[in-house]
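**Q** In order, the protein sequence lines correspond to chains A and B. Reminder that position 293 of the first sequence reads as 311 in my numbering, one-by-one numbering, no gaps. Reminder that position 82 of the second sequence reads as 122 in my numbering, one-by-one numbering, no gaps. Idealized CB from N, CA, C, for every residue including glycine.
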Amino acid sequence: MIEEFGIILVRGIGLGAIYTLVALSFNVVHSSSGILNFAQGNMFVLGGFIAFAMSSQVEFGPWMWLAVIPLAGISIALLLTFQGWITLLPLKNSTQQNSWIITTMAASTIIGAVMLLLKGPWAQTATSPFTPFNVLGTRTPAPYILAMIACVFWYVALRLFLTKTLTGLAISALSQDLEAARAAGLRVRRLQLIAFAISGMVIGTAGYIVAPIISIAADTGIKYMLNGFIASVVGGMGSDIGAMIGGPLVGVLSMFAIYQFGGHFQNVVSLAVLVLVLMFKPEGLFGRTSARRV
Amino acid sequence: MTAATLQNAPHARQNWFTSRIGKDATQLWLGVFLIIATGLAPDLLDSSYWSHAFQLVNIFIIASICQNLLLVDAGQTSFGNGAIFGVAGYAAAIATTMHGVSYPWAVVLGLIASLGASVLFALPALRVQHFYLGFVTLSAAVVLPELAMAFNDFTNGIIGISLNFETLHQRSIFGVISPMSLMIALITSVILIVHALMRRSMLGRRMRVAAESPEAAQALGISPGVMRSLAFIIAGLGTGVAGVIYPMIVGFVGPTSFNLDISILFFFAVIVGGRGTLLGPILGVWILYLLPNILLAEFVNYRLIAYGLVALLVMLLLPDGIVGGYLNWRHKKQHGGKRLDLNVAAVLGTQSSALSKAADASAVPAIEVRQGRKTFGKVVAVDNVDLTVRHGEIHGLVGANGSGKTSLLNVFSGFSRLNAGSLHVNGVDITSLAPHQIARLGIARTFQTPRIFGSMTLWENVQIGRDARSGNSKAPIPESAVEKLRETLGEGSPDWVPHGQRRLLEVMRVALQESDIMLLDEPAAGLSPDERKQFGALLQQLRDQYGKTFVLVEHDLDLVWGIADRITVLDAGRVVASGTPDEVAGDPAVRHMFIESSHA
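#1: Less than 8 Å separating the beta-carbons of threonine 156 of chain A and isoleucine 53 of chain A?
#2: Within a Cβ cutoff of 8 Å, which residues of the same chain sit near phenylalanine 39 of chain B, ignoring the five residues on either side of it in sequence?
#3: Whole alpha helix (DSSP H) runs in the segment 278 to 302 of chain B with 4 or more residues, listed along the chain?
#4: Give me the Cα-Cα distance between phenylalanine 359 of chain A and valine 600 of chain B, rounded to the nearest whole angstrom.
#5: Could you tell me which of B:Leu349, B:Leu155, B:Ile304 and B:Pro359 sits nearest to alanine 271 of chain B, measuring between CA atoms?
#6: If you follow the beta strand (DSSP E) that glycine 412 of chain B is part of, which residue opens it and which one closes it?
#7: Show which residues of chain A have a CB atom less than 8 Å away from the CB atom of valine 183 of chain B.
#8: Beta-carbon of threonine 38 of chain A versus every beta-carbon of chain B: anything under 8 Å?
#9: Per DSSP, which one or two residues make a beta bridge with phenylalanine 590 of chain B?
#10: So the alpha helix (DSSP H) histidine 92 of chain B belongs to, where does it begin and stop?
#11: So what does DSSP say about glycine 129 of chain B, is it helix, strand or coil?
#12: Which residues mark the beginning and the end of the beta strand (DSSP E) in which threonine 156 of chain A is found?
#13: Is it true that the CB of glutamine 488 of chain B sits closer than 8 Å to the CB of threonine 528 of chain B?
#14: Considering Cα atoms alone, identify which of A:Ala131, A:Gly253 and A:Leu211 is closest to threonine 38 of chain A.
#15: Since alanine 131 of chain A and isoleucine 134 of chain B are thought to touch, with beta carbons under 8 Å apart, how far apart are those beta carbons, to the nearest angstrom?
#16: Flag histidine 632 of chain B as yes if its beta-carbon sits less than 8 Å from any beta-carbon of chain A, otherwise no.
#17: Just checking: is the beta-carbon of alanine 125 of chain A within a distance shorter than 8 Å of some beta-carbon in chain B?
#18: Quick one: residues in its chain with C-beta nearer than 8 Å to the C-beta of phenylalanine 70 of chain A, no 5 flanking neighbours on either side, listed in chain order?
#19: If the criterion is Cβ atoms closer than 8 Å, does the pair leucine 80 of chain B and glutamine 116 of chain B meet it?
#20: Run through the DSSP bridge pairs and tell me what serine 462 of chain B is partnered with.
#21: Under a CB-based cut-off of 8 Å, is lysine 397 of chain B close to chain A?
#22: Near alanine 188 of chain A, which residues of its chain fall below 8 Å by C-beta distance, leaving aside the five closest residues on each side in sequence?
#23: Taking its Cβ as the centre, do 16 or more other Cβ atoms sit within 10 Å of serine 217 of chain A, making it buried, or is it exposed?
#24: In angstroms, rounded to a whole number, what distance separates the CA positions of alanine 551 of chain B and alanine 474 of chain B?
#25: With a threshold of 6 Å on Cβ separation, who are the neighbours of glycine 566 of chain B within its own chain once the five nearest residues in sequence on each side are excluded?
#26: Measure the C-alpha to C-alpha separation of glycine 324 of chain B and isoleucine 99 of chain B and round it to an integer number of angstroms.
#27: Got a sec: which bits of the segment 234 to 250 of chain A sit with their beta carbon under 7 Å from any beta carbon on chain B, in order along the chain?
#28: Counting only the same chain and skipping the five closest in sequence on each side, list residues whose C-beta sits under 8 Å from that of serine 202 of chain B.
#29: Could you name the residues that DSSP lists as bridge partners for valine 422 of chain B?
#30: Does chain A have any CB closer than 8 Å to the CB of valine 176 of chain B?
#31: Find out if the Cβ-Cβ distance for the pair alanine 641 of chain B, leucine 74 of chain B is shorter than 8 Å.
#32: How would you list, in chain order, the residues of chain B whose beta-carbon sits under 7 Å from the beta-carbon of serine 117 of chain A?
#33: Do we get a CB-CB distance below 8 Å when we pair leucine 64 of chain A with the residues of chain B?
#34: Let me check one thing: in DSSP terms, what residues is valine 153 of chain A bridge-paired to?
#35: By DSSP, does serine 118 of chain B sit in helix, in strand, or in coil?
#36: Would you say isoleucine 29 of chain B lies against chain A (beta-carbon separation less than 8 Å)?
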C-alpha cells in the first residue's frame, strides 16, 4: 500500500509536471493575444516524435540526448510560429476576433491527421537513454523526474524573461492592455509571434523529454492538452505559479484515478475536476477576477 | 420622411408562414429540396452505396443544423456535440439489443439520454463561456469512447453492438423507395424548417440577443442563462434524433463510431458552410464528408486532413463560410452604399391618442436612491447619493466624464449593485435584484455603445423590445404605430443606418418595450442639431402622451436644459445640485462647473 502510494505520488507529480509544461506554454500565448492554442497538444506529441525518430535512427547516449533538446525546442518553435502567423491573419480585421478557436482547432486536426497518415493508428514509443531512478522506494522512469526538472527550469526562465528583459516586459504589457500597448508603439504582431515561438520552445522540449512515457500517436495530444488546460484552470488561467500548483494536483489525481478505477476513467475524473472548478471557483486558485463591463 | 422609400414591397398580405420565414425563404425551400432530392434519388436509381451515403449525410446535416443553432443563435461554442449524438445512439442500441425494448421505445430512451447529456453540457455553460466551454465539451467528446470501453458490460466494449434493420432498407414503398431513406429525408427537412421558424420566433430573437450581448438581453428582461440552457436542450434533442437514427442506418454502434472526428465534423460543417445560414450545414456536410468520400474513397484517413484544411482555408478566405460569403457578396452588390435615415418622431410621433396624463405623478417616486454608495476597489463611483426621480418627468443627469452618471445608471438597471444604501422603484426595494428581474419591473435602458445586432434585420432589432413587453403598461403604444414602424424598417439591414443614428434604433426598441421608466445613456450623441431637436420633442411627447419617465444621461446641456423637468448634477460621484433647470442653472457651484468649460 505504501509502495503504491509512493508510485501514485511520484508519478502523479511527474505526470502533473507535463500538464504544468502544457499550461505554461498555453499561458505565454494566452497572455500576449488572448489565444488558447487548441493545437498545443499535437505540438507536444510532435516534440515526442522528434525523440522517437532520433532514438529509432541512431544509438545515442545521455549527452547526445541532452544536446538534441534545444533542437527539438527550436523545431517546434518554428512550426508554432508559423501556425501563430496563420492564426493571427484573420484577427487583423476586428470583426472575427474569435476565429482563432476555429483556426487552431483546424491546425490541431491537420497535424493529427498527418501523423495518422504517416504512422498509422499505432502508438510509437521512444526509448530513454537514462535508467530508472529510485525515488521513495519506487523505481521511477527517468522522464518523470526530467519533466519535473524541465518544469522548474521553464518556470524560472519564463519568470526572468517576462520581468527582466525588454521583450518580455513588452509581452507582459500586451496581457495588461492590448490597445494601450499598441498605442504606445509596441509592435504587437511581432511580440505575439515571439510569444508563439517561446510557447513552442516550452512545448517542444516538453514533448521531447517525456517521449518515453507517452504514446506517440495522433490521439494522444488532445488528452495532454485537455489535462494541461485543466491544470491551468485549477491553478488560475494565465497564472504561471497557478500552473505549477495545478499541474501536480491534476497529475496526482489522474494517477489515483488510474490506480483506483482503471485507465479508462483517467480523463473522466479530469473532466469532472474541470467542471467542478469552473462551476464553483472559475477563477481557480491563483486567478485574477475580471470585472464585467457594461 | 425618407424612411418610407426603403421597401417597395411590404409583406403584409402574405400568408402566415411566408411572412414568418421572410428573407430565409429561398434558402429554406432550396435546402428542403436538396435534402429530399439527394435522400430519395439514390433509391430511385437503385444505388445502395449512395443510398447509404446520403442517409448518413442527412443525419449529419441534422446534427450540424443543431450545431448551427447552438453556435450562432445561442452563441455557444461546443466541440462535443458528437458525444450527445453518441449517447443517444448507444442508449437506443443498448435498450433494444440487451433489454429487448422495441425500437420506437428505444428511440424515446435514446432521446431522453441525449436530453440528459445536453443538460450536462448546459450546466458549465451557465458559468463559463467561450473557449472554456469549448474545452469542456471537447473533453466530453474525448471521454465518451473511453466510457464506452470502460462499461463494456453494457456496451460490449470494442466489439460494439450490432442491430438489424434490414426490412427498413428494402425499397418497399412503390417498389422504389426504402422507408429508411424516406423517413430520414422527411425528418431532416422538418428539422431544417423548425430551425427556420425558430430563428424568426420570439424565442429565437431572444436567444440571439442573449448570445450577442448578455447585457442588452438582461436590460430586456431576458435571462441569458435560461436562453443558453434552452438552446442546449433544443440542440441536444435534435442531435439525439440524429443519434438514434444512426444505428438504424449502420446497424452497428461501437466506441469508434463516436470518436472526436464526428464532433469535429459537425462543428466544421457549420463553419465551412456558413455560420447562421440555413443552407450552411447542408453544404458543409457535403463538402467535408461527401467530397473526400467521392474523391478518396479508399483513403479514409484523408478525411480528417480535409476537415482541417478546408476549415482553415475557409476561415482565412471566406470567414463567413461559403453560403455566408455568397450572401455578403450579393448583399453588397444589391445594397452597397445604401443609406437609411431614421426618423423616430415621424414614425411614433404622428399618433395622438387621448391619454390622460398619468394620474399617479404622486406620492411614490419612480426611482429613489437613499445614501447610495458604489465603489470599484478604491474608486468611489457613487458617493452617498440621494436622488429621487418622479413619475412622468424627464430627469437630466449631467456632469463631467467620470462623475458617476453611467455608474448610477448601471445601479438603476441592476448591472452593478450598491455597496451601501437602498434603491426603490415604484416603492419596491430592488437593491439586490438581477438586471433581468429589474427590467421586468418596467425599467428599460439604452447603452452608451448602442447594442445593435448586425445579424438581425432593422425591424428585428426593434422587435426584440416589443418581445420584452410586460403587457401591463398603463399606456401601450398603439398597434397601428407599431405596424407602421414595422413596414418602414422591414427587412433592411442595420448597416444602412449611419452610425450616429444607430442609437435611435435602440431608443425605438426601448420605446416599444413599453416600460414606464426609461434610462437613456447619451442618446443624442452623433445626432445633427435638427435631429436633436426632433429627438427632444419625441421624449417630451412620450412623457406627455404616454406618461413615461426618463432618466437622461447627456452631454448636450442645451438639450437637457431644453426638455428636462428636473436636473441632477454629479461631480466625482456626489450630487452637487438637484432641482428644476432654472434652479440648477442658478446654483453657484454648478455655474462654476459649467459656464467656463461648456463654452470653451
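**A** Checking against the coordinates, here is how it stands:
#1: no
#2: Outside the shown range of chain B (41 to 640) lies residue 39 of chain B, about which nothing can therefore be said.
#3: Counting only runs of 4 or more residues that sit fully inside the segment 278 to 302 of chain B, no alpha helix (DSSP H) segment turns up.
#4: Only positions 19 to 312 of chain A appear in this structure, which leaves residue 359 of chain A out of reach.
#5: It is B:Leu155 whose Cα lies nearest to the Cα of alanine 271 of chain B.
#6: 407 to 416
#7: Asn285, Val286 and Leu289
#8: no
#9: Partner(s): B:Ile434 and B:Met558.
#10: Here the alpha helix (DSSP H) through histidine 92 of chain B covers 88 to 108.
#11: When secondary structure is reduced to three states using DSSP, glycine 129 of chain B falls in the helix class.
#12: 156 to 158
#13: No, the pair does not count as a contact, with Cβ atoms beyond the cut-off.
#14: A:Gly253
#15: Actually they are not in contact, since the Cβ atoms of alanine 131 of chain A and isoleucine 134 of chain B sit about 31 Å apart, beyond 8 Å.
#16: no
#17: yes
#18: Gln142, Thr143, Ala144, Ala229 and Ile234, listed in sequence order.
#19: Between leucine 80 of chain B and glutamine 116 of chain B, the gap from beta carbon to beta carbon reaches 8 Å or more.
#20: Assignment of beta-bridge partners to serine 462 of chain B by DSSP yields B:Arg410.
#21: With a pLDDT of 46 at lysine 397 of chain B, under the threshold of 50, the predicted position of this residue should be treated as unreliable, and no value is reported.
#22: Ala199, Leu204 and Leu209
#23: buried
#24: 22 Å
#25: Gly540
#26: Across the structure, glycine 324 of chain B and isoleucine 99 of chain B are spaced so that their CA atoms are roughly 13 Å apart.
#27: Ile240, Lys241, Leu244 and Phe247
#28: Thr137, Gly291 and Phe292
#29: B:Lys414
#30: yes
#31: Any answer about residue 641 of chain B is impossible in this case: the structure gives chain B only from 41 up to 640.
#32: Result: Met355 and Pro359.
#33: Not one chain B Cβ lies under 8 Å of leucine 64 of chain A.
#34: In the DSSP secondary-structure assignment, valine 153 of chain A is bridged to A:Thr156.
#35: coil
#36: Since the first residue shown for chain B is 41 and the last is 640, residue 29 of chain B is missing from the structure and cannot be characterised.
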